[in-house]
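Contents: one structure, followed by commentary.
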RNA sequence: GGGUGUUUAGCUCAGUGGGAGAGCGCUUCCUUCACACGGAAGAGGUCGUGGGUUCGAAACCCGCAACACCCACCA
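In this note's numbering, the protein residues as written are 12 to 870.
Encoded structure:
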């Protein structure tokens with residue numbers, strides 16, 4: 012028997028561990044079932060899970076649990092991501108607190124520390140998966156740095172290299188001077204920062220000085236030229252001349268190129284080939300010299316004269332002062348411009364000329380574009396996110412994959428110590444002769460292999476054969492570029508298959524004011540706190556039902572409380588059913604034979620509900636599915652059926668037994684349908700009901716044949732409900748006590764006459780009769796087309812007012828119906844069923860109107 | 001400079017080519033034997049704005065506005 016209160020702590024306690032022990036989440040036990048597979052978006056081993064992880068994993072879990080019930084062999088692969096740069100940054104920060112740098116430790120020692128860190132956080136993540144109730148298959152758990160993934164990474168790197176799709180080259184890359192590593196373009200976050208625009212005078216022999224504006228004076232030591240637009244009349248005569256660099260007195264050629272925007276700044280632009288991607292291109296075009304003037308920590312190199320060793324900003328300040336002293340500073344303007352920051356360290360990214368490894372994107376991207384135009388494309392939900400993938404694939408530049416980090420997959424490239432010859436190989440060569448590349452790969456390089464490498468690729472494993480491509484991926488729109496795109500092209504290239512058939516995209520959880528949640532802003536919410544306070548089932552329900560797919564949601568604690576109230580409602584309904592059934596209840600198979608109207612009605616609604624919910628679950632529309640279920644639970648089941656059945660139950664006998672059986676089956680089906688959302692509380696209820704299996708985890712999804720659909724019974728039940736409501740309303744408005752006795756007469760044609768016991772119990776309407784009412788009674792006409800006569804006297808004025816209002820309403824309805832039905836366009840073009848429906852409504856309203864008018868006339 | 005999304009009840013948000021919805025909040029009433037994490041009744045909305053398509057538009061199309069986000073090398 013259930014406790015009086017739904018206590019989420021008691022309900023959740025120890026349950027998950029039991030499920031895992033029983034192996035309910037282990038896939039592949041029954042290969043006769045169709046496979047359904049997913050991979051978890053592997054969380055970074057950088058810290059605790061946040062609400063974003065809940066958004067990733069709870070929908071996965073709902074689908075996994077639903078699919079198991081629907082008879083699929085579900086495999087959900089869990090795992091964690093080493094998260095190269097993010098983790099290394101954290102580990103280094105922790106070391107720094109102890110006054111140690113990674114260089115003090117050296118590579119090997121540092122990796123030991125990092126592995127310990129990984130173990131620590133992986134343990135936390137496991138705990139939190141348990142708290143969230145994720146039905147992942149731990150027998151298949153993976154880690155991006157484990158042996159299998161490492162093998163896959165090497166294989167992919169070497170193959171791409173041999174195919175000419177990975178190359179090593181000197182390019183302008185984004186350099187994080189704090190973490191001292193290269194970054195890919197998408198790891199750079201641009202923000203509009205306030206800065207200064209410095210206007211300097213560049214002396215030109217025999218002419219007016221050229222005024223050049225820059226936001227980055229310190230890079231002037233690396234300048235190779237000054238450019239103007241050849242179409243710019245102001246500077247026509249300058250092209251071909253030389254000017255003097257105010258920073259170091261060196262002569263710079265003045266050159267013309269149409270790249271220069273005449274309207275921007277002064278129309279004259281300095282060119283720093285080694286520290287700006289555009290300048291790099293210009294320098295290549297005109298064969299200008301490259302000079303690197305910043306080191307890996309963004310301090311000035313020896314090419315910068317007396318400024319050597321200064322930090323870039325220190326240098327900027329000092330240099331501007333010096334130029335000002337020389338009288339070559341024209342002015343300083345405040346500007347807001349876009350500045351690139353490292354996604355991880357926040358440091359201002361320095362564009363630097365550097366030798367790095369790149370993945371050649373065009374051929375790989377083209378394959379994705381072709382796939383997305385084919386019949387076998389990946390289906391995104393909502394579909395608009397397909398455009399995000401496609402756009403990025405159209406624009407993707409070559410991907411810089413080498414990182415000057417230690418935590419990650421070391422690049423399988425080896426350099427001959429003597430000749431410098433490059434050898435790229437899955438197996439290490441003779442290390443006496445060769446030295447391995449120091450760098451590791453971008454963490455997304457391995458994440459990009461996740462769906463197939465976790466299933467065994469490059470080996471031909473039974474899992475890979477059976478479960479790949481995976482069925483569904485759930486992730487946020489913010490990592491379509493980072494992750495989804497990489498998985499897609501790697502998968503297409505190496506397995507010739509898409510990595511997943513469906514992608515369900517979710518939005519971000521924001522704070523109540525709509526701001527992004529972040530640690531620094533201190534507005535984050537720890538899901539574990541929510542779970543402690545409201546229970547994980549409430550959190551799961553909230554996460555999956557409180558917004559439309561793909562849209563951001565604002566964190567709203569009230570909704571979590573509401574979710575909890577809902578679960579509490581189901582809990583108490585179950586408690587009532589249990590109490591009602593009694594100890595000796597034995598569930599019988601359902602049958603429609605001998606059921607009363609209310610039973611037939613609730614089963615009819617249930618049959619239709621199951622279909623609707625199922626359709627929505629199949630389309631991953633959890634919000635829509637649960638709102639159907641919600642109104643069934645609240646209104647149809649708790650509000651109407653539970654209340655009404657109190658009548659037939661108290662009457663005892665055959666009818667009561669049948670009602671009990673229906674109560675039991677409807678509740679069971681509700682519990683099964685709520686299970687994917689709220690597995691803990693539903694399991695508790697399920698196990699307390701008779702006729703259960705060992706766990707809901709091995710149950711099947713509810714089914715109720717179409718033959719249970721019975722609109723007539725639904726209508727009859729509805730009329731009963733309306734009559735009760737009307738009578739109660741009526742009494743309340745007339746100032747009668749709720750239990751005032753009233754008498755009912757219905758017309759001989761009234762179709763639903765089997766309701767007297769219900770009316771008596773819920774409306775104290777003691778009698779249903781036919782024919783002419785007693786003379787002294789006061790009458791009122793109601794929506795359902797019946798009449799009520801009350802024995803007590805009623806103020807005729809109040810009654811009149813009420814009738815007038817009703818008449819008013821009905822007149823409008825009738826008018827609307829008539830207007831529609833006299834519209835030739837409507838009659839000609841609207842669907843037949845719609846027209847018929849309107850005709851029926853009109854007739855109904857006209858009949859009611861007549862009743863009301865008669866009443867008024869007789870007052 | 002491109003692109004996307006949002007705009008619906010006081011708040012947070014669903015919804016969808018055929019009569020405006022939920023939760024919370026608010027008003028009135030009720031601790032009656034599942035549940036006060038409850039029940040009953042109720043107030044509250046020109047569905048951002050201007051056009052168009054349609055028999056019919058809050059929904060579809062076009063423009064506009066506000067807000068949010070993404071992409072892009074404006075020195």
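No residue lacks a Cβ here, since even glycine has one placed at the ideal position from N, Cα and C.
Sixteen is the threshold: since fewer than 16 other Cβ atoms of the shown chains lie within 10 Å of the Cβ of residue 138, the residue is exposed. For residue 405, there is no enclosing beta strand (DSSP E); the residue is found in the alpha helix (DSSP H) stretching over 396 to 406. Where residue 373 is concerned, the enclosing alpha helix (DSSP H) starts and stops at 372 to 384. For the pair residue 21 and residue 55, the CB atoms are not nearer than the 8 Å cut-off. The Cβ atoms of residue 364 and residue 285 lie closer than 8 Å to each other. When secondary structure is reduced to three states using DSSP, residue 447 falls in the strand class. For residue 267 and residue 240, the gap between their C-alpha atoms comes out near 5 Å. With distances taken between CA atoms, residue 450 lies nearest to 421 out of 432, 458, 456, 421. In the DSSP annotation of this structure, residue 644 is not part of any beta strand (DSSP E), being labelled neither H nor E. Between residue 607 and residue 558, the C-beta spacing is not below 8 Å. Relative to the Cα of residue 523, the nearest Cα in the group 458, 517, 534 belongs to 534.
Cβ neighbours of residue 681 within its own chain (closer than 7 Å, five residues either side excluded): 581, 644, 648. Proximity of the stretch 536 to 546 to the stretch 505 to 516 falls short of the contact definition, fewer than three beta-carbon pairs being nearer than 8 Å. For residue 12, there is no enclosing beta strand (DSSP E), as DSSP marks it with neither H nor E.
Secondary structure of residue 442 (DSSP, three-state): coil. Under the three-state reduction of DSSP output, residue 415 falls in the coil class, being neither helix nor strand. Of the candidates 668, 194, 89, the residue whose Cα lies closest to the Cα of residue 150 is 89. Between the stretch 73 to 81 and the stretch 701 to 715 there are three or more inter-stretch CB-CB distances shorter than 8 Å, so the stretches are counted as touching. Contact check between the stretch 347 to 362 and the stretch 438 to 458: fewer than three CB pairs, one atom from each, fall below 8 Å, which does not count as touching. The beta carbons of residue 400 and residue 496 sit about 6 Å from each other, so the pair counts as a contact at 8 Å.
Looking only at 679, 125, 141, 402, the smallest Cα-Cα distance to residue 105 is reached by 125. Under the DSSP assignment, residue 21 falls in the alpha helix (DSSP H) whose first and last residues are 19 to 23. Relative to the Cα of residue 334, the nearest Cα in the group 299, 342, 257 belongs to 257.
In the same chain as residue 484, and ignoring 5 residues on each side of it, the C-beta atoms closer than 6 Å to its own belong to 511, 514, in chain order. Boundaries cannot be given for residue 261, as no beta strand (DSSP E) includes it and DSSP labels it neither H nor E. Per DSSP, residue 661 lies in no beta strand (DSSP E) segment; the continuous alpha helix (DSSP H) that holds it begins and ends at 654 to 662.
The closest CA to that of residue 869, considering only 814, 464, 412, 225, is found on 814.
Comparing alpha carbon positions, the residue from 733, 774, 566, 521 closest to residue 752 is 774. Contact between the stretch 405 to 417 and the stretch 371 to 380 is present: 3 or more CB-CB pairs across the two stretches fall below 8 Å.
Pairing residue 453 with residue 228, the inter-Cα distance amounts to about 32 Å. About 7 Å separates the beta carbons of residue 238 and residue 293, which is inside the 8 Å limit, making them a contact pair.
Within the stretch 68 to 149, the complete alpha helix (DSSP H) runs of at least 4 residues fall at 95 to 108, 113 to 116, 118 to 143. Annotated three-state conformation of residue 203 is strand, per DSSP.
If you look at residue 429, you'll find it isn't in any alpha helix (DSSP H); DSSP assigns it neither H nor E. The alpha-carbon of residue 367 is positioned some 10 Å away from that of residue 415. Positions of the beta strand (DSSP E) runs, each at least 3 residues long and wholly inside the stretch 342 to 374, are given as 361 to 370 in order along the chain.
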